[in-house]
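Trainee: Here it is, the structure in full.
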Amino acid sequence: MATPDLITRTADFVREKFLHEGSGHDWEHIRRVWQVARALARDTPQADPLVTELGALLHDVADWKFHDGDEEAGPRASRAWLESQHAEERVIQAVEAIIREISFKGVGVPTPMSTVEGELVQDADRLDAIGAIGVARAFAYGGHKGRLLHDASIAPVQHTSFESYKNNTAPTINHFYEKLLHLRERLHTPAARRVGEERHAFMEQFLAQFLREWDGQDVG
Ligand code: ADP
Ligand code: NI
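Numbering follows UniProt numbering, with no gaps: position 47 of the sequence shown is 47.
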């Protein structure tokens, strides 16, 4: 039997690792990011499909949020896996760069991607943080961390440094103001921007309805 190719082997490795993860970083998130990044790559001939697909599959492999803030944990885990699979050094470095650069770090903190493959993976990852799935993931994450849904006595807070973004424990509704409503403007590709518009509009509608129900305004 032929050995499965590197993408298939990586998908199997990541699926196994994330199958039982309940914080919104589950295999189904990775699978969607992989699928969407692959679709974006079809419209982007200058993107290397291998780097795009491996970057999508490995982008959350050891997220700093779950590794005591260690931002090198992801690149390190990705390198270890790809070296064990005898991937080319060029590919390993390109995937490490995607993982280092991909995260949102606060409203005032630019997060440019140094490669076109990185832009595709970042777009796919950010599309999965907005819309109906994005709403579900935000509350899954908040529940996992024991956060309140909302606190009407606190004004929405935004973070202009990575330190304050990283250390905040605000209720989940604040996450929309500190991150989710800003992702639309930061998408790179025309296809992602088109989808982003729809998902953004849905999130605004969700928030308006949530806040109406919070005070029973819709009851009268
Ligand atoms: P991504 O996987 O899109 O890079 P993150 O790793 O930052 O995003 O977070 C994973 C998921 O958890 C995303 O849907 C994100 O919006 C959500 N999330 C991250 N931080 C918070 C938070 N403080 N409150 C609620 N949801 C959060
Ligand atoms: Ni992700």
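Each residue gets a CB set at the ideal place from its N, CA and C atoms; glycine is no exception.
Nearest by alpha-carbon distance to H25: which of G142, M113, A39 is it?
Mentor: Here the closest residue by C-alpha is G142.
Trainee: Please check the pair A56 and V121, which I expect to be a contact at CB under 8 Å, by giving their CB distance rounded to whole angstroms.
Mentor: Right, the Cβ-Cβ distance comes to about 5 Å (below 8 Å), so this counts as a contact.
Trainee: Specify whether the segment 121-139 and the segment 47-56 touch according to this definition: at least 3 beta carbon pairs, one from each stretch, less than 8 Å apart.
Mentor: Judged by Cβ distances under 8 Å, the segment 121-139 makes contact with the segment 47-56, as three or more pairs qualify.
Trainee: Count Cβ pairs between the segment 196-204 and the segment 127-146 that sit closer than 8 Å; are there 3 or more?
Mentor: They touch, by the three-pair rule.
Trainee: Establish whether the CB of F104 and some CB of chain D are separated by less than 8 Å.
Mentor: Here there is only one protein chain, and chain D is not present.
Trainee: In three-state DSSP terms, what is K17?
Mentor: Helix, per DSSP.
Trainee: Residues in the same chain with beta-carbon distance under 7 Å from A87, minus the five sequence neighbours each way, listed in chain order, please.
Mentor: For A87, where only same-chain residues beyond five positions count, the Cβ hits under 7 Å are L6.
Trainee: Kindly provide the chain-ordered list of residues whose Cβ lies closer than 5 Å to any non-hydrogen atom of the ligand NI.
Mentor: Output, sorted by chain position: D60, D125.
Trainee: Considering only residues of the same chain and omitting the five flanking positions on each side of residue 258, which have a CB-CB separation below 7 Å?
Mentor: Summary: the structure shown does not reach residue 258, with the chain confined to residues 1 through 220, and so no result is reported for it.
Trainee: One question on the structure: do G106 and H159 come within less than 8 Å of each other, judged by their Cβ atoms?
Mentor: Contact: yes.
Trainee: Please work out which residues of its chain come closer than 8 Å, Cβ to Cβ, to W81, disregarding the five sequence neighbours upstream and downstream, and give them in chain order.
Mentor: Taken in chain order, the residues that qualify are T10, F13, L58, V61.
Trainee: Compare the C-alpha of A152 against each of T172, K166, N167 and name the closest.
Mentor: Nearest of T172, K166, N167 to A152, Cα basis: T172.
Trainee: Taking the alpha carbon of Y177 as the point to measure from, which residue in L207, A192, V195, F162 has its own alpha carbon closest?
Mentor: Checked all of L207, A192, V195, F162; the closest Cα to Y177 is L207.
Trainee: What separation, rounded to the nearest whole angstrom, lies between the Cα atoms of T8 and M113?
Mentor: Distance between the alpha carbons of T8 and M113 is about 25 Å.
Trainee: Which of the three DSSP states is assigned to M113 in this structure?
Mentor: Residue state, collapsed to three classes: coil.
Trainee: Shorter than 7 Å, the distance from the beta carbon of L207 to the closest heavy atom of the ligand ADP, or not?
Mentor: For the ligand ADP, not one heavy atom lies less than 7 Å from the Cβ of L207.
Trainee: At a threshold of 7 Å, does G146 count as lining the ligand ADP (C-beta to nearest heavy atom)?
Mentor: Answer for G146: no, Cβ out of range of the ligand ADP.
Trainee: Which of the three DSSP states is assigned to D125 in this structure?
Mentor: It is helical.
Trainee: CB of Y177 to nearest heavy atom of the ligand ADP: below 7 Å?
Mentor: No.
Trainee: By a C-beta neighbour count over all protein chains shown, 10 Å radius and 16 as the cutoff for buried, is T52 buried or exposed?
Mentor: When all chains shown are included, T52 counts as buried.
Trainee: Return the CA-CA distance between E185 and H20, expressed in angstroms with no decimal places.
Mentor: So the two alpha carbons sit approximately 33 Å from each other.
Trainee: Is it buried or exposed for G74, if we count other Cβ within 10 angstroms and need 16 for buried?
Mentor: By the neighbour-count rule (16 or more Cβ atoms within 10 Å), G74 is buried.
Trainee: For a test of the three-state rule: what should DSSP assign to V195, helix, strand or coil?
Mentor: Reduced to three states, the DSSP call for V195 is helix.
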